[in-house]
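J.:
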Amino acid sequence: EGGQVAGTRDRTGLFRAQTPQGFRYAAILDAHRKHPGGAADDVEVARAAGLAVAIVEGDEANIKITGPGDFARAEEMMRDGMDIRIGQGYDVHAFEPGEACMLCGVAVPHDKKLKGHSDADVGMHALTDALYGALAEGDIGQHFPPSDPQWKGAASHVFLEHAIGLAREKGYELANCDVTLICERPKIGPHAGAMRAALARIMDVDVAAVSVKATTSERLGFTGREEGIAAMAVATLVKA
Numbered sequence: 001e002g003g004q005v006a007g008t009r010d011r012t013g014l015f016r017a018q019t020p021q022g023f024r025y026a027a028i029l030d031a032h033r034k035h036p037g038g039a040a041d042d043v044e045v046a047r048a049a050g051l052a053v054a055i056v057e058g059d060e061a062n063i064k065i066t067g068p069g070d071f072a073r074a075e076e077m078m079r080d081g082m083d084i085r086i087g088q089g090y091d092v093h094a095f096e097p098g099e100a101c102m103l104c105g106v107a108v109p110h111d112k113k114l115k116g117h118s119d120a121d122v123g124m125h126a127l128t129d130a131l132y133g134a135l136a137e138g139d140i141g142q143h144f145p146p147s148d149p150q151w152k153g154a155a156s157h158v159f160l161e162h163a164i165g166l167a168r169e170k171g172y173e174l175a176n177c178d179v180t181l182i183c184e185r186p187k188i189g190p191h192a193g194a195m196r197a198a199l200a201r202i203m204d205v206d207v208a209a210v211s212v213k214a215t216t217s218e219r220l221g222f223t224g225r226e227e228g229i230a231a232m233a234v235a236t237l238v239k240a
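Set out below in structure tokens:
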């Protein structure tokens, strides 16, 4: 009274109703048409029409946008829930004599192999760097220095597992990734499905979140001369 609290009410058994409330459209429309008006909300209209109304647990995030203040709150909620990070990676490895190329976790038969300090999996290296980039955590060389003999001949899944593990430590999950291999040979298409499956298994994600494809440089540059393979990758991380 007079702008001041006059008393308090016992809240035992009281519930706060949220809007929007859910009804069968035809039923609530008919109820509104028959109601004389002045109802506090749809529940009052429904009950006046003899409809049974059940209570379900609500959620603070389930807001109804009625005025500008509601819209501002919705925008703030969307910003808070959209912590998205995108990283890109690029890698190159030269050919040397061999019988297969390790590409995205798959040994692809070829008359050459890729030269490198580790197993030279150029696709997996690009993807690993994309993850590090999204996290602003440098690159493979910082985490696994080529000057360190313990990484000589290492399987590249070790690097990728570290990068995705670091992402999860920071509260992120992989939304999707896309790897492009650039070479004239070997042909990637027949092996792309196996590559996607291998990367998905290593990162423990659905294969639908992993894309692997290939292109050529139209016989231009070092890839066109078949001196090596280049790879590009993009990874999107979202706050879990």
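Counting in the working numbering, the sequence shown runs from 1 upward without gaps. Virtual Cβ for every residue (Gly too), placed ideally from N, Cα, C.
(1) To test your reading of the DSSP string, which unbroken alpha helix (DSSP H) runs of 4 or more residues are found completely within the segment 12-72?
(2) Do you know whose CA, among Ala163, Ser211, His191, Ala197, lies nearest proline 109's CA?
(3) Who are the Cβ neighbours of lysine 34 in its own chain at under 7 Å, not counting the five residues just before and after it?
(4) Label leucine 242 either buried or exposed according to how many other C-beta atoms from any shown protein chain fall within 10 Å of its C-beta, with 16 as the threshold for buried.
(5) Cutting at 8 Å between CB atoms, please list the residues of its own chain near alanine 74, excluding the five before and the five after it.
(6) Just to confirm the assignment, what range does the alpha helix (DSSP H) spanning phenylalanine 95 have?
(7) Would you check if the segment 171-179 and the segment 125-142 touch, i.e. whether three or more CB-CB distances between them fall below 8 Å?
(8) Which first and last residues belong to the alpha helix (DSSP H) in which glutamate 161 is found?
(9) Where do the N-terminal and C-terminal ends of the beta strand (DSSP E) with threonine 236 fall, by residue?
(10) Quick check: what's the CA-CA separation for alanine 15 versus glycine 171?
(11) Among Ala17, Asp148, Asp204, which one has its Cα closest to the Cα of valine 56?
(12) Could you say which of Ala167, Pro20, Lys113 lies nearest to glutamate 96 if we only look at CA atoms?
(13) Count the other C-beta atoms from every protein chain shown that fall within 10 angstroms of the C-beta of glutamate 47, then say buried if there are 16 or more, exposed otherwise.
(14) Just how far apart, CA to CA, sit valine 92 and glutamate 60?
(15) Quick one, which of Glu161, Trp151, Asp111, Gly87 has its alpha-carbon nearest glutamate 137's?
(16) Do the CB positions of arginine 219 and glutamate 173 come within less than 8 Å of each other?
(17) Which residue wins for smallest C-alpha separation from methionine 203, given the options Asp111, Met77, His157?
(18) Please state whether the Cβ-Cβ distance between alanine 107 and alanine 100 is less than 8 Å.
(19) For valine 207, count the other beta carbons within 10 Å of its own beta carbon; 16 or more makes it buried, fewer makes it exposed. Which is it?
T.: In brief:
(1) 25-34, 42-48
(2) His191
(3) Ala49
(4) The requested residue 242 is not part of the displayed model; the chain covers only 1 to 240.
(5) Ile63, Ile65
(6) No alpha helix (DSSP H) contains phenylalanine 95, which is instead part of the beta strand (DSSP E) from 84-97.
(7) yes
(8) 157-169
(9) 228-239
(10) What sits at residue 15 in the sequence shown is phenylalanine, not alanine. Whole-angstrom Cα-Cα distance: 35 Å.
(11) Ala17
(12) Lys113
(13) It should be pointed out that residue 47 corresponds to arginine in this sequence rather than to glutamate. Burial call: exposed.
(14) 50 Å
(15) Gly87
(16) no
(17) His157
(18) yes
(19) exposed
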